[in-house]
Every structure is written in C-alpha cells, then in structure tokens.
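**Student:**
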Amino acid sequence: MKGASFHRGHGQKYILFSLVDSESSSPWGYRSYRDYLAQRFPGKVVRKLCLEAGFSCPNLDGTLGIGGCTFCNNRGFVPDAKGRKDLREQWERGKEKLRQRHGEIDGFIAYFQAFSNTHGPVEKLKGLYGGAMEGFDECWGMSISTRPDCLAEGVPEFLEELGKRTFLTVELGLQSDRDEVLKNINRGHDVACFDRAVNDLGNRSFDLCVHVMLGLPGEGDDAPERMGQKLASLPVRSLKVHNLHIMRGTAMAKDFEEGRLLPLSKEAYLDGLRRLIAELRPDQFCQRVIADAPDRLLLGDSWCQDKQAFLKDLGAGEVPSENAGGLRVSTPTIQP
Ligand code: SF4
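Quick note, in this note's numbering, the sequence shown goes up one by one and the last residue is 375.
Structure follows, in structure tokens:
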C-alpha cells in the first residue's frame, strides 16, 4: 500500500492510503472509476444501483431557501413519499433491470444519489443506512451523495462506522472553489463550509468523492488548474465533473434566453476538463466527466447528449456512465 499525507486544518494532517497508484493511458492523466472498482473488486463485475430514499434538499425545502441552485431544475420539488417505492423493492427491481441490461453482475453498490442524503438527524440515517446494509443482499457497498452543510452532529462518526462495515463513498457537492460563484448560483454554502466538511470526513474509513462544475459564470480562466490543485491537495478519492449546461425551468434558463449566459462549447469544456484532470494525483479517479440531462430539458447546443463522441474526443476510451455502469435514470443529474 502506498500512503501520502496532506495538511489538514487546525494543525492536523490527512493520511490517505491508496490501494495502487493507477497508471493512466491518457497523456493528461485520465483514470476512470471503473479502473478503481477493478482494483477494489479484482475479477468481479460491480455496478451502482440508484435508490431514492426520499430526502429533500435544504436549498429547496425551506431549511435554507426554496429557490435552489440556479442551474437546478428541481426547485420546488420535494420527493413524494407516497409515490416512492419501498427501498427493498427498488433494490430488487434495480438488480433485475441491471442484469437484464448488462448481463452477469457479481455485486452492487447502493447509490443514494438524489438530493441531500444526509439531510436529517443521525438517528434517521442510522435506521435507513444501517437497515439497508442488513436488508439488501448482494450489496457490496454504498455511495451517499450530499451537501457539505448536511452533516449534523454525530453524522461523521456514524459514516465512519458504516465505512467499517462496507465499501462506502460519500459524495460532496462543491461546484466551484470561489465564494462569489457559489453566491451567484445561490448555492447556500461557501467554500469554507466545504473545507470544514472535508476536514470532518477526510481520513476516515470511507472514500470521498467531490462534484465540481466547469463553465460557471465568474469562475475565471484558471478554474480548471485551481480546482484540480485543490482536489489534489485533499483526501479525495474520486471526482465528478459536470459541464455547465442550461436546463429549462431553471433561473439560468432566463439568463440564457435573455442572452446573458452561454453554456460551454464542447471544445472549451474538453480543454478545461483535460487541464483539471492533469492536476490530479495518480490515486484519484473520475466517476463522471460529462453532465446528464434529457434532451427535452436542454437549452442550446446539446453536444453533451452524445457521451460516446465526447469520450472519444477526450481519449477516455469506453464510456464510464454516470453510475460506473449502473442504472440509468430518466431524471436529470442532481448535484448534491
Ligand atoms: S443542485 Fe442539489 S443542492 Fe442545489 S438545489 Fe438542486 S438538489 Fe439542492
């Protein structure tokens, strides 16, 4: 095992152990999450399976506000508990669908993706995620997406316990490393909040994944290098990068329609993505490198719908789908 240490706030240090520093076949260092899973589960086929646990988002449900991030088209939507299927039922149906689509699969990672999946008291999380571990057969891991401001007292410690029981990844939304950008997109938290969350969650029994976006207004020309360097300095195992695209029904749609905002071109995003990835450490992997949204919701050039073409241009080889080959969902990608 290889190890590396990173300075942590308050005089502490992160100590991050990588399984293996992964060789990259791309000149600028792209390493797919599929490669990482192949290291974690040698010779096995593992897929992520999306589950809807019924959490909401503090930026939508009134805890912080109801407007949501300006790029998010889910403002005002709070998960409907009545319409949602029981988690066990979702699990069984999801496994069946994934096997129908992809053939033989050895194990699954329960992926709690939508909204903020730690937005609640620790007792609720213990019941939900502890129960999921016991109730789901063929569950080889868990992935929990959330915001950095959704870590109530006791939650980091609970996640630590959970990470000792299963292969756990906690996904944190950052989106931009600049406070003024976060403020402009009505994110509801600042960079210091993210740093505190990493301080609380880093160097524990589980992996961290961070979500960032490229193309947000005001991010600056050096955003790819800045954000890549920041991620490389943190105990972060993987990242999801999202090109700014404009969806109908969002605050950004109005700016787009009135000519104040343009989504990134494919060429500009490719360039930025390569520059960001080039800054990462050899033990960091990409879970996603392109946004996901139904065609009917996209405004402007919808080049990001053709993932295969994009990844070919990127030189990334076979498409790593949003869920590392997991269940594709019909809703747009929701950033934690
Ligand atoms: S993008 Fe995520 S954090 Fe922002 S409003 Fe939508 S669900 Fe909430």
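We put the CB at the ideal spot given by N, CA and C, even for glycine.
From the DSSP output, which residues share a beta bridge with E210?
**Tutor:** Start at 1 with the first residue of the sequence shown, and residue 210 comes out as number 171. DSSP, once it has assigned bridges, lists S184, C248 as partnering E210.
**Student:** Can you check DSSP and say which residues form a bridge with I148?
**Tutor:** Here residue 148 refers to the residue found at position 109 of the sequence shown. K87, G180.
**Student:** Roughly how many whole angstroms lie between the Cα atoms of G339 and N113?
**Tutor:** Within the sequence shown, the letter at position 300 stands for residue 339. Within the sequence shown, the letter at position 74 stands for residue 113. One C-alpha to the other measures close to 19 Å.
**Student:** Exposed or buried, R105, counting other C-beta atoms within 10 Å across all chains shown (16 or more means buried)?
**Tutor:** Locating residue 105 in the sequence shown gives position 66, where the first residue counts as 1. According to the sequence displayed, residue 105 carries Ile and not Arg. Exposed is the call here.
**Student:** Could you tell me the boundaries of the beta strand (DSSP E) in which Q323 lies?
**Tutor:** Within the sequence shown, the letter at position 284 stands for residue 323. Q323 -> no beta strand (DSSP E), and no H or E assigned at all.
**Student:** Taking only three categories from DSSP, how would you classify K279?
**Tutor:** Your numbering for residue 279 matches position 240 in the sequence shown. Note: K279 maps to strand in three-state DSSP.
**Student:** Going by other Cβ atoms of all chains shown within 10 Å of its Cβ, with 16 needed for buried, is A262 buried or exposed?
**Tutor:** As a working mapping, residue 262 is identified with position 223 in the sequence shown. Result: buried.
**Student:** Would you mind sorting E210 into buried or exposed? The rule is 16 or more other CB atoms within 10 Å of its CB.
**Tutor:** Numbered from its first residue, the sequence shown carries residue 210 at position 171. Under this definition E210 is a buried residue.
**Student:** Three or more beta-carbon pairs under 8 Å between the segment 173-183 and the segment 217-226, yes or no?
**Tutor:** The answer is no - the segment 217-226 does not touch the segment 173-183, with fewer than three Cβ pairs under 8 Å.
**Student:** How about N98: is its Cβ closer than 7 Å to a heavy atom in the ligand SF4?
**Tutor:** Walking along the sequence shown from the start, residue 98 turns up at place 59. Under cutoff, so the answer is yes.
**Student:** Hey, could you find the ends of the alpha helix (DSSP H) Q344 is sitting in?
**Tutor:** Position 305 of the sequence shown, counted from the first residue, corresponds to residue 344. Note, Q344: premise wrong, no alpha helix (DSSP H); not H, not E.
**Student:** Taking 8 Å as the threshold (C-beta atoms), are F233 and K305 in contact?
**Tutor:** Working through the sequence shown from its first residue, we reach residue 305 at position 266. Working through the sequence shown from its first residue, we reach residue 233 at position 194. Against a cut-off of 8 Å, the Cβ pair of F233 and K305 comes out as no contact.
**Student:** Thinking C-beta only, is C248 closer than 8 Å to N283?
**Tutor:** Sequence index remark: in the sequence shown, residue 283 carries index 244 (1-based). Sequence index remark: in the sequence shown, residue 248 carries index 209 (1-based). Residue identity check: residue 283 is Leu in the sequence provided, not Asn. Going by C-beta atoms, L283 is not nearer than 8 Å to C248.
**Student:** Pull the bridge partners of R327 from the DSSP assignment, please.
**Tutor:** Counting from one through the sequence shown, the residue named residue 327 turns up at place 288. In DSSP, R327 forms a bridge with K279.
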